[in-house]
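Trainee: In this note's numbering, the protein residues as written are 14 to 177.
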Amino acid sequence: MSQHRIEPQPGQESVWDYPRPPRLEETSKHIQIIFNGVTIADTHQAKRVLETSHPPVYYIPPEDIQQDYLIKSPRSTFCEWKGHGAYYSLAVGDKRIDDVAWYYPEPTPAFATIANYVAFYPAPMDACFVNGEKVEPQPGSFYGGWITSDIVGPFKGVQGSWGW
Numbered sequence: 014m015s016q017h018r019i020e021p022q023p024g025q026e027s028v029w030d031y032p033r034p035p036r037l038e039e040t041s042k043h044i045q046i047i048f049n050g051v052t053i054a055d056t057h058q059a060k061r062v063l064e065t066s067h068p069p070v071y072y073i074p075p076e077d078i079q080q081d082y083l084i085k086s087p088r089s090t091f092c093e094w095k096g097h098g099a100y101y102s103l104a105v106g107d108k109r110i111d112d113v114a115w116y117y118p119e120p121t122p123a124f125a126t127i128a129n130y131v132a133f134y135p136a137p138m139d140a141c142f143v144n145g146e147k148v149e150p151q152p153g154s155f156y157g158g159w160i161t162s163d164i165v166g167p168f169k170g171v172q173g174s175w176g177w
């Protein structure tokens, strides 16, 4: 690793201690997403994916998302760990963002419990919160990690990190 790992303080996690391949875990943290003044998602039943050098990505159960604002997108991707991903665009009032959320309709067996759970890119939102703390988006438009004060890096996505 060509970057310098930030040593976590008590109560913090280092993304350099996260595994590869990634690990899926349940979390009871309070997750909220707000877009154009509307709470799109609110849950204590999210799951998070932890992968070396990446802040956590939170997957939210469909029943805790305001589905009326989601629009299925033709975009699809493939993740070597989770399988084929599908996307949603988000429209609330006069604002719309294309391909801002993704999910796995039929994930690989290791990630089966996130089937149809939805992850959101935090950057385009008004705000995303973990236990009331506003999230900082992972650097780089490709990544969807959520940075909070209890997560330390450096994080993949910063300039010069492509080869990490």
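Where is the CB? At the ideal position from N, CA and C, for every residue including glycine.
Could you give the first and the last residue of the continuous beta strand (DSSP E) run that contains T161?
Mentor: First-last for T161: undefined, no H or E at that position.
Trainee: Measure the alpha-carbon distance for K85 versus E20 and round it to whole angstroms.
Mentor: If you take the alpha carbons of K85 and E20, they lie about 41 Å apart.
Trainee: So V51 is in the beta strand (DSSP E); what residue range does that whole segment cover?
Mentor: Per DSSP, V51 belongs to the beta strand (DSSP E) from V51 to T56.
Trainee: Run through DSSP, which three-state label would A123 get?
Mentor: Helix.
Trainee: Express the C-alpha separation of R18 and S41 in angstroms, rounding to a whole number.
Mentor: The straight-line gap from Cα to Cα measures roughly 27 Å.
Trainee: Measuring straight from C-alpha to C-alpha, what distance separates Y117 and G24?
Mentor: So the two alpha carbons sit approximately 31 Å from each other.
Trainee: Helix, strand or coil, according to DSSP, for M14 in the structure here?
Mentor: Because the pLDDT of M14 is 45, which lies under 50, any placement of that residue in the model is unreliable, and the number read from its coordinates should be weighed accordingly. Three-state result, M14: coil.
Trainee: Over what stretch of residues does the beta strand (DSSP E) that includes V131 continue unbroken?
Mentor: Unbroken beta strand (DSSP E) run through V131: V131 to F133.
Trainee: Please name the residue, chosen from S66, A54 and E26, that lies closest to D77 on a Cα-to-Cα basis.
Mentor: Selected option, being the one with the closest Cα: A54.
Trainee: Which whole-angstrom value describes the C-beta separation of P35 and V62, a residue pair presumed to lie in contact below a C-beta threshold of 8 Å?
Mentor: That belief holds up - the Cβ atoms of P35 and V62 are roughly 5 Å apart, short of 8 Å.
Trainee: Which stretch, first to last residue, makes up the beta strand (DSSP E) that contains R61?
Mentor: From DSSP, the beta strand (DSSP E) with R61 extends over K60 to E64.
Trainee: Would you decide whether H67 is buried or exposed? Buried here means 16 or more other CB atoms lie within 10 Å of its CB.
Mentor: Its Cβ being crowded by 16 or more others within 10 Å, H67 is buried.
Trainee: On the DSSP bridge list, what partners appear for P150?
Mentor: Paired residue(s): W159.
Trainee: Confirm, please, whether the CB-CB distance from F133 to W94 is below 8 Å.
Mentor: No, the pair does not count as a contact, with Cβ atoms beyond the cut-off.
Trainee: Distance, Cα to Cα, S27 vs F168?
Mentor: Roughly 10 Å separates the two Cα atoms.
Trainee: Quick one, which of I46, Q22, I160 and D30 has its alpha-carbon nearest V227's?
Mentor: With the chain running from 14 to 177 in the structure shown, residue 227 is simply not present.
Trainee: Using only the alpha-carbon positions, how far apart do A59 and A140 sit?
Mentor: Cα-Cα distance, rounded: 17 Å.
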